[in-house]
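Take a look at the structure below.
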């Protein structure tokens, strides 16, 4: 029996360009953009962004703007569905980078529970009567694509029949000041890959896509071919100069999609100097210089958690319209590799595309999609195998680290300190050769120390490899450091946004630091849940191993309320050969 196939059955978009997929596609095809200059009283500098007109969003009692946006886009899906969202066979996955982080402006010390991403996701899914624990993907700019990869894995496992993947982010003083601190924002509408590009613009949007597990796709349906998540193992806030992670992700997904069937590669294309250059290098290394490349950032700006979903939906709609969408803002090539990018729409008769994203923490993701041809068969052969029963995993080592003690492989380590001082003691006693430790935030220190002890005291784990993945979970996301960053921008008289502090307001940075330390080029993923759920976590790790790309996974719960209240429970597991 072949592997069940995963197809798209519904989609929806809410953005400043329109409140449906069709409205957004027609606006993009007409070359429209809502990128405008804004000057907020709470920020010393103006910025260019594409922001929502909130008058068109239905007010809902007890919900934040972010939550209303997510609920609104999911409600657009309902008329397209043949099933009830309340079914236990439906999984919700939310992609967002910062969710309700703007609520910290009201109370940084005792914030609303809506600041917790898992709690927000739970509120949303319960609104639709769904009984399952929702999964939040917070993997920086790659979140939207990583969420779709997680959905495909969950469906292939047979645990669910449908997956609703929603991506959303709204802009706030917190986010904009952070990008300004990096001097990453352009003072004018962005120009992807252009010689005159000056940085990115930010945007607001929500996008939703629904996948179904089927035995045989129908003509005209979109088929998920293959996804890959890879790390640069290079730097937490700068892309690899060799495009390492993006190249490895592209190489992996191209194994299932013939280059001759590719209409285009829809890239991240943020318009920053180094991102665009890195992507051009990765495209050349993957042998794709003769395939059209486009970016949609000139229409929407960078919509963060929504980007990977919104851009996939519009890419699908473009191929249905036999079109390669233009890269708005592009005029003259400004990267070193001669990629095939254009500022005018082009015709295509091909039926597949690849979506590529990259982000802080060294994470990169790629995913290939194909439209099923009229005879009901995929436009190119799909490799299939029967989903495996849950393998009996080989455990290399286990660690539990609390503010009071450390238990490694069942043995309590001899320590004298507690709380944050314990992490420093462990670093000095067992590691002591990575001074960058002292620049890390508390969450990253916790995960870094736990992983170092796990790897040093367990069986030998290979370095410089794609075969090792790092998959972590928690409840608080990066709230501990979010509070610290918020404090630096709370007073306009002492406004001091620091890029080194802002980058650690992304929880996936801890996975990036582990990858950099050990030169792990494999998957790095970070998920947020409303509570520690060992069964769900284990299922997701097994699904990642079933995919066949990772041989060994470091995974677990790494949660940090503050410097003296934390918990790390990590395990290193391997699938038997």
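Numbering (the numbering used here), first residue to last: 22 to 598. Note that beta-carbon positions come from the ideal geometry of N, C-alpha and C, so glycine has one too. From a predicted model like this one, the values you see are computed outputs, not experimental measurements.
Check, Outcome
"First and last residue of the uninterrupted alpha helix (DSSP H) at residue 559", "555 to 567"
"Stretch pair the stretch 209 to 217 + the stretch 173 to 186: three plus CB contacts closer than 8 Å", "no"
"Contact set for residue 588: own chain, Cβ-Cβ below 7 Å, skip 5 residues either direction", "423, 578 and 580"
"Same chain, Cβ closer than 6 Å to residue 219, five either side skipped, listed in chain order", "207"
"Residues that DSSP places opposite residue 586 in a beta bridge", "583"
"Sequence-distant residues of the same chain with beta carbon closer than 8 Å to residue 202, five excluded per side", "518, 519, 520 and 523"
"Beta carbon proximity, residue 338 to chain D, threshold 7 Å", "Annotation note: the requested chain D is absent from the structure, which comprises a single protein chain."
"Terminal residues of the alpha helix (DSSP H) in which residue 142 lies", "138 to 148"
"Cβ pair residue 321, residue 349 closer than 7 Å", "no"
"Beta strand (DSSP E) segments (min. 3 residues) lying fully within the stretch 417 to 497", "427 to 429 and 489 to 495"
"Residue burial classification, residue 416 (beta-carbon count within 10 angstroms, cutoff 16)", "exposed"
"Best match in 104, 461, 95 and 437 for proximity to residue 78 [C-alpha to C-alpha]", "95"
"Environment of residue 204 [buried if 16+ CB atoms lie within 10 Å]", "exposed"
"Sequence-distant residues of the same chain with beta carbon closer than 7 Å to residue 121, five excluded per side", "85, 87, 135, 136 and 141"
"Opposing strand residues paired with residue 71 [DSSP bridges]", "224"
"Buried or exposed by the 16-neighbour rule on C-beta atoms within 10 Å, applied to residue 599", "Outside the displayed span of the chain (22 to 598) sits residue 599, for which this structure offers no information."
"Cβ pair residue 486, residue 503 closer than 7 Å", "no"
"Residue 313 - partner residues in DSSP beta bridges", "361"
"Residue closest to residue 98, alpha-carbon to alpha-carbon, out of 57, 435, 50 and 35", "35"
"N- and C-terminal bounds of the alpha helix (DSSP H) containing residue 340", "328 to 341"
"Residue 160 vs residue 529 beta-carbon contact at 7 Å", "yes"
"Per-residue DSSP class, three states only, for residue 299", "helix"
"Ordered list of beta strand (DSSP E) runs contained in the stretch 108 to 182, each at least 3 residues", "111 to 116 and 156 to 158"
"Runs of beta strand (DSSP E) wholly within the stretch 257 to 293 (minimum 3 residues, chain order)", "283 to 287"
"CB of residue 1 within 7 Å of CB of residue 272, strictly", "Here the chain covers residues 22 to 598 and nothing more, so residue 1 does not appear."
"Cβ neighbour criterion (16 or more within 10 Å) applied to residue 484", "exposed"
"Continuous beta strand (DSSP E) stretch holding residue 250: start and end", "243 to 252"
"6 Å Cβ shell around residue 332 - same chain, five flanking residues per side excluded", "287 and 317"
"Cβ neighbour criterion (16 or more within 10 Å) applied to residue 459", "exposed"
"Bridge partners - residue 185, DSSP secondary structure assignment", "113 and 231"
"Segment contact, 8 Å Cβ cut-off, at least three pairs: the stretch 380 to 388 with the stretch 237 to 252", "yes"
"Span of the alpha helix (DSSP H) around residue 522", "520 to 523"
"Reduced DSSP secondary structure (H/G/I, E/B, other) of residue 408", "With a pLDDT of 47 at residue 408, under the threshold of 50, the predicted position of this residue should be treated as unreliable, and no value is reported."
"As assigned by DSSP and simplified to three states, the class of residue 545", "strand"
"Residue 382 beta carbon near the ligand SAH (any heavy atom closer than 6 Å)", "Only the bare structure without any ligand can be found here, which leaves the ligand SAH out of the picture."
"Alpha carbon of residue 182 to alpha carbon of residue 511, nearest angstrom", "46 Å"
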